Amino acid sequence: MGGPTRGGRRAAAMLGVAALVAPALAACGAATDDGIVINLYNAPEQNLGKVVETCNQRAAGRYRIVLNTLPRGADGQREQLVRRLAAHDSDMDVLGLDITWTPEFAEAGWIREWTGRHKEEAERDVLPGPLASTRWKGRSYAAAKNSNVQLLWYRSDLVDQPPATWQDMISTAQRLQQQGKPGTVLLTGAQYEGLFVNYNNIVGALDGHILSEDGSRAVMDDATVKALEVLRDFARSGVTSPSLTNQREDDVRLAFQSGNAAFQINWPFVHPATKAGNPQVFQNMKWAPLPGVEPGKPGRATIGGANYGVSAYSRHPEEAFDAVLCLRDAENQKFQAVKDGLPPTLASVYDEPEMAEAYPMRDVIREQLRDPALRPMTPAYQNVSTVMSTVLSPPSAIDPKATADRLREELQAAIESKGVLP
Amino acid sequence: MSATATPTAPDESTRRSGRHRLSEGKRAERRLGWLLCAPAAIVMLAVTGWPIIYSVWLSLQRYDLRFPHEREFVGLANYVTVLTSSYWWQAFGVTLLITVVSVAIELVLGMALALVMHWAIVGRGLVRTVTLVPYGIVTVVAAFSWRFAWSQDLGYLARLFSPEGAPLTERASALAIIVLAEVWKTTPFMALLLMAGLALVPGELLRAAAMDGASAWQRFTKVIVPVMKPAILVALLFRTLDAFRVFDNIFVLTAGAQGTSSVSMLTYNNLIKGLNLGVGATMSVLIFIAVAVIAFVFVKGFGTAAPGSDRDGRR
Amino acid sequence: MALTGGADTTARKAKWWFVNAVVVVYALVPVLWIASLSFKTKETINDGNFVPREWTLENYRAIFGTSEFVRALVNSIGIALIATAIAVVLGTMAAYAIARLDFPGKRALVGVSLLIAMFPQVSLVSPLFEMERGLGLFDTWPGLILPYITFALPLAIYTLSAFFREIPWELEKAAKMDGATPAQAFLKVIAPLAAPGVFTTAILVFIFCWNDFLFAISLTSTERSRTVPAALSFFTGSSQFEDPTGTICAAAVVITVPIILFVLFFQRRIVAGLTSGAVKG
Chain A
1 MGGPTRGGRR AAAMLGVAAL VAPALAACGA ATDDGIVINL YNAPEQNLGK
51 VVETCNQRAA GRYRIVLNTL PRGADGQREQ LVRRLAAHDS DMDVLGLDIT
101 WTPEFAEAGW IREWTGRHKE EAERDVLPGP LASTRWKGRS YAAAKNSNVQ
151 LLWYRSDLVD QPPATWQDMI STAQRLQQQG KPGTVLLTGA QYEGLFVNYN
201 NIVGALDGHI LSEDGSRAVM DDATVKALEV LRDFARSGVT SPSLTNQRED
251 DVRLAFQSGN AAFQINWPFV HPATKAGNPQ VFQNMKWAPL PGVEPGKPGR
301 ATIGGANYGV SAYSRHPEEA FDAVLCLRDA ENQKFQAVKD GLPPTLASVY
351 DEPEMAEAYP MRDVIREQLR DPALRPMTPA YQNVSTVMST VLSPPSAIDP
401 KATADRLREE LQAAIESKGV LP
Chain B
1001 MSATATPTAP DESTRRSGRH RLSEGKRAER RLGWLLCAPA AIVMLAVTGW
1051 PIIYSVWLSL QRYDLRFPHE REFVGLANYV TVLTSSYWWQ AFGVTLLITV
1101 VSVAIELVLG MALALVMHWA IVGRGLVRTV TLVPYGIVTV VAAFSWRFAW
1151 SQDLGYLARL FSPEGAPLTE RASALAIIVL AEVWKTTPFM ALLLMAGLAL
1201 VPGELLRAAA MDGASAWQRF TKVIVPVMKP AILVALLFRT LDAFRVFDNI
1251 FVLTAGAQGT SSVSMLTYNN LIKGLNLGVG ATMSVLIFIA VAVIAFVFVK
1301 GFGTAAPGSD RDGRR
Chain C
2001 MALTGGADTT ARKAKWWFVN AVVVVYALVP VLWIASLSFK TKETINDGNF
2051 VPREWTLENY RAIFGTSEFV RALVNSIGIA LIATAIAVVL GTMAAYAIAR
2101 LDFPGKRALV GVSLLIAMFP QVSLVSPLFE MERGLGLFDT WPGLILPYIT
2151 FALPLAIYTL SAFFREIPWE LEKAAKMDGA TPAQAFLKVI APLAAPGVFT
2201 TAILVFIFCW NDFLFAISLT STERSRTVPA ALSFFTGSSQ FEDPTGTICA
2251 AAVVITVPII LFVLFFQRRI VAGLTSGAVK G
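Chains as they are written, first to last, in this note's numbering: chain A, 1 to 422; chain B, 1001 to 1315; chain C, 2001 to 2281.
Written out as structure tokens, the structure is:
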């Protein structure tokens, strides 16, 4: 039996060589740092790079923020972050987090708690909705970066008055189609979080509950069943785009921008983007609060947005906290509101005089933010979202009662993280 | 597996050779044999054997990286969860469907391609060379090519066949495109395996059959196919097990949306997206069992000669 | 082989050329399509034309200007080469033993490698993910090299032992009788005979490692070790509102080039390797 042992040693030696050689080769790409580097990971935002520059100047050599761009879709962003955090990657310092991830990241111990001076500064002047999204179990885990809320965008050359209800909107669109005019209603109907947000808007307008208040039980009350019906009826009304089940935020923006639609439900980034993309359509692009379901009762919009968290594995947490405070300060929030269309989280920014012209939707946005539709707060949010978008897609196949029953069952398993993810 | 087999084997052969002791040369040969095989055997066992045992252990736990404090032993609960999940069975069905349909198409196309490569009187080198392109190309690259070809606006195939719709977001058409991508990529491999079998068909036999007035089709079914049967079965076994693992194409083409997940895709999603190691490991074990069953059916049911099984007989 | 006469050869040839053309179209169209997309300009990439109307090298310039792609390319090449080298060395040793020596446990080894060849790789992803996290191998080169070696070994062992069995080993004995030392006999007689088989195996193993996606995407998380196939799906457009289609295609073309070169120069060897290893073996 001497053979195998000796051979084993040889194999081990050989693997050892490979193990030694490989990291040496791999290391040559790593940044050799002169000074502290704070790695920021964030979703692509056109002008975030300029904000980073501003903050680097202000840091005056104490640290240097390096912007790393994550994929465009929220799912892809989360997947990248989570995988590295699970491996205790210390090369990430500041994380741009969708507001729905705070409970998950906090519960898993991936982001640091905010305390003392940092916390105080991060929470000052923040609107209540965004502030709630930075907390989990009574503690603070993030700094509100920007808020977000969808609006109904419409073409004032086709529609005089924005519709107050979904039914209004559908019949207006049908009328336009009969007149041979572009009468399409665009929304994010692909099988992803965006589809759930649309459903959540409708549920909000009807005061429905998907989960119980504390997020521990799947409820799916009558109002949510009604909301399923509204979504299905819309999908079958003939006013949707043929590629409804393929469209995400930017597909919707592009389709509207090309002039073939009367309405789109989308985030405020479309304002600067359409201005640059098609000034002609932009001229007639107006905005309104989301439609409701019952006459006389206004619609509600799902609150979105992003927070900055500091990675638990960061080697420079002090500097990372400081960097965050700079990245989301009033001046930078205003800059990104105007340039990237991102709604601020600081109340005072809305009141600044130059916002009136540069950010004309500010009043409607603030109004919507006053009483937004909330998404469930649970560490298993990813599971909830995946189940919701899978079951809701395609919306035309919804069978309200049966779909609600199925959701109730699968959501329960999802929030306990016990079920199988689709 | 061989770790247990190796120690017992020498005992047996010692007993067999019984009274006459092994010659010095014989023993040196043995030692050299083991020495030479050991590194390969150790690597293979270390990277597959131990993880398999480990994944069985993981599959008996509730272990979700997002709830690190809730890790506990749960027995077979994960198996109950997975085996009662409609998503698992849907993915299982999709995997079987893709496997059966694509392997069936590949067999027909691969046979045709093998005949062309074998009997072409002109440009044989050319045909063989281009055939290797789909075999060699990175699956993900090919998958992106298909995705862009079928994307709305962007793609030439989408414009041609489906100007209004979005074929990759409809379940039936998406599955068809996945099968297309699989077939395109792996038919050449199938054809090469079949061509090797075709080379074993004796020319005189075909000429004799032709003399006896057998038509081309009769020659094919009565002479070529029977002689090639072992090669065909091996090719089918290889490709079936390979197709059952389908992942790359689905990841790129649909990411499993609209009920197009395969079991591999589902495992990946639960593991990497859900970070649920317990459920992910459970699926790993189940897939392993499924593959073992398929291999068993081929080997016992159809009498497929496992490649390499004639090895000792030959020496 | 199936020749019957000379009179109709022109017609037959024409028929065969037609069949060949069908095969060529089948094999090359998807490759040409992705190449075509990679040469299209931003403005025309959505035109759906098979042939670009305006040509540009912008996408190639873009990918070689980012560390995202260059690092991935370095990773791909390095990881595939190291894995290939180790797998071929270990495979050669084992295959030589299997083809030439008689020892107990041989069948077991063949059986195990056969099992691994058919193994569902996804079954290893969960345990390897967890084990590599613990060992600090996650997102490193060895973290990918190890599974690649493992899955390449069966391929290497089959192909090589099939080649080795064809080698006329008596020549070695003859050389020794003529007074050559064992080392000389091996270097002068056997090595040249074995080299083509080893080389062919190396190509097949390299293609296998180059191709992998599942391990690459599951066991890496950063540029440190992410290979090109995995990096492709993480490309971000140059701006927020732009799909990275052009750059994905350019990167795809770059990693297809080595494959095309292999196929062009070593077609005969690859065919021989695949057929002998899988069927005769």
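Ideal Cβ positions, reconstructed from N, Cα and C, are used throughout, including at glycine.
It should be emphasised that the depicted structure is a prediction, and the values quoted were computed from it without experimental measurement.
Residue-level contact by beta carbon holds for T2222 of chain C and chain A, with a gap shorter than 8 Å. Every unbroken stretch of the alpha helix (DSSP H) spanning 4 or more residues and falling wholly within the segment 308 to 344 of chain A is given here in chain order: 317 to 327, 330 to 340.
Per the coordinates, the alpha-carbon of P2192 of chain C lies some 37 Å from the alpha-carbon of T1240 of chain B. Apart from sequence neighbours up to five positions away, the residues of its chain that approach V219 of chain A with a beta-carbon distance below 8 Å are H209, I210, L211, S212, R408, ordered along the chain. Pairwise C-beta distances place the segment 2080 to 2100 of chain C out of contact with the segment 1249 to 1260 of chain B, as fewer than three of them are shorter than 8 Å.
In the three-state reduction of the DSSP assignment, R2224 of chain C falls in the coil class, being assigned neither a helical nor a strand state. Those residues of the segment 1263 to 1274 of chain B placed with their C-beta closer than 9 Å to a C-beta in chain A are L1266, N1269, N1270, I1272, K1273, G1274, ordered along the chain.
Just so you know, the alpha carbons of T2245 of chain C and V2254 of chain C end up roughly 14 Å apart. Judged by DSSP in its simplified three-state form, V1201 of chain B adopts coil rather than helix or strand. Against chain B, a Cβ distance below 8 Å from P242 of chain A picks out E1164, G1165, A1166. Nearest neighbour of I2145 of chain C by Cα position, chosen from C:P2120, C:Y2026, C:V2029, C:L2219, turns out to be C:L2219. For M355 of chain A, DSSP assigns no beta-bridge partner whatsoever.
Here F2039 of chain C is buried, its C-beta having at least 16 other C-beta atoms within 10 Å. One thing to note: I415 of chain A has its Cβ within 8 Å of the Cβ of G215 of chain A. Between the alpha carbons of Y1135 of chain B and A1040 of chain B lies a distance of about 26 Å. Contact check for V197 of chain A and T302 of chain A: beta-carbon distance about 5 Å, within the 8 Å limit, so the pair qualifies. Apart from the 5 residues on each side of it in sequence, K226 of chain A sits with its Cβ closer than 7 Å to the Cβ of L206 in its chain, given in chain order. Across the structure, G2078 of chain C and S2233 of chain C are spaced so that their CA atoms are roughly 20 Å apart.
Membership of F263 of chain A in the beta strand (DSSP E) is indicated by the continuous run 261 to 266. Judged by DSSP secondary structure, Y154 of chain A falls within the beta strand (DSSP E) whose first and last residues are 151 to 155.
A straight-line Cα-Cα distance of about 29 Å links A2194 of chain C and M1228 of chain B. With a threshold of 8 Å between beta carbons, M2118 of chain C makes contact with chain B. Taking M92 of chain A as reference, the option from A:N39, A:A261, A:R406 with the minimal CA-CA separation is A:N39.
Per the coordinates, the alpha-carbon of S1055 of chain B lies some 7 Å from the alpha-carbon of S1284 of chain B. Those residues of the segment 1064 to 1094 of chain B placed with their C-beta closer than 7 Å to a C-beta in chain A are D1064, L1065, R1066, F1067, P1068, T1081, V1082, S1085, Y1087, W1088, ordered along the chain. Judged by DSSP secondary structure, I1137 of chain B falls outside any alpha helix (DSSP H); it is assigned neither H nor E. Pairing W2055 of chain C with R406 of chain A, the inter-Cα distance amounts to about 52 Å. Cβ proximity to chain B below 9 Å picks out A190, Q191 from the segment 171 to 191 of chain A. Under the criterion of beta carbons closer than 8 Å, V82 of chain A and L67 of chain A do not qualify as touching, at roughly 20 Å.
Where L186 of chain A is concerned, the enclosing beta strand (DSSP E) starts and stops at 184 to 186. Taking 4 residues as the shortest admissible run, the segment 367 to 415 of chain A contains the following complete alpha helix (DSSP H) segments, listed from N- to C-terminal end: 381 to 392, 400 to 415. Contact check for L254 of chain A against L151 of chain A fails: the beta carbons are separated by 8 Å or more. Under a criterion of Cβ atoms nearer than 8 Å, no residue of chain A is adjacent to Q1061 of chain B; the nearest Cβ is some 12 Å distant. The three-state secondary structure of K145 of chain A, taken from DSSP, is strand.
Closer than 8 Å to the CB of P44 of chain A there is at least one CB belonging to chain C.
Rounded to the nearest angstrom, the gap between the Cα atoms of E1182 of chain B and F1238 of chain B is 14 Å.
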